[in-house]
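Numbering (the working numbering), first residue to last: 2 to 192.
For reference, the structure is listed below as structure tokens.
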């Protein structure tokens, strides 16, 4: 990964917290739904990391245990402001969820059967799908997936969804096979 941003582009702890607080506040649908928003803010608007580093961060964060959104906040926070930045960014990403879950717990009984609330959530679902699909398509292009190698993510999807193999094993196998292929290509080029 690249070196840290210059001191002129490094955010304050407050800016880091407030940025991830806003991301956490508007992340409806889970960690993958936040990718488009995180990419826009962190890569395009703030330029705290570049596009390649964002793709690397997403790949690593989705393979680690824990909450994807928090892992991403920890990684970006550490990248731009060190250990303190990682803690502040993670707190910013988690705090909206904590407050919303507490509020829902308090008011859930009265709103549970409310038809307006039910319709709101039905309306949000298609947007969540779009929020997940948009960065997935961008990552496909950035990862260099073409018609020649498109079978790899298809096989991984089938192994996880249809066969029921843990994504951890699929990721580990892909890493080992990728390293083996790289070594084979290196030896082949040396001949």
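Ideal placement from N, C-alpha and C gives every residue a C-beta, glycine not left out.
Does residue i pass the burial test, meaning 16 or more other C-beta atoms within 10 Å, or should it be called exposed?
i	result
residue 124	exposed
residue 17	buried
residue 117	exposed
residue 58	buried
residue 8	A caution first: residue 8 carries a pLDDT of 41, below 50, which makes its placement in the model unreliable, though a value can still be read off. Residue 8 is exposed by the Cβ-count criterion.
residue 186	exposed
residue 66	exposed
residue 41	exposed
residue 71	buried
residue 82	buried
residue 176	exposed
residue 178	exposed
Along the chain, where does the alpha helix (DSSP H) that runs through residue i open and close?
i	result
residue 167	Run containing residue 167: none; DSSP gives neither H nor E here.
residue 149	Note, residue 149: premise wrong, no alpha helix (DSSP H); not H, not E.
residue 17	14–26
residue 62	52–64
residue 39	36–39
Is it the case that the CB of residue i approaches a heavy atom of the ligand HEM more closely than 8 Å?
i	result
residue 45	Absence of the ligand HEM is noted for the structure shown, with no ligands found whatsoever.
Go ahead and pull the three-state DSSP assignment for residue i.
i	result
residue 154	helix
residue 115	coil
residue 96	helix
residue 4	Its pLDDT being 49, under 50, residue 4 is placed unreliably in this model, and the coordinates cannot settle the point.
residue 48	coil
residue 178	helix
residue 85	helix
residue 183	helix
residue 43	helix
residue 68	coil
residue 103	helix
residue 192	coil
residue 80	helix
For residue i, which option in the options has the closest C-alpha, if you only look at C-alpha atoms?
i	options	result
residue 171	181, 154, 184 and 182	154
residue 27	63, 132, 11 and 139	132
residue 33	135, 150, 164 and 188	135
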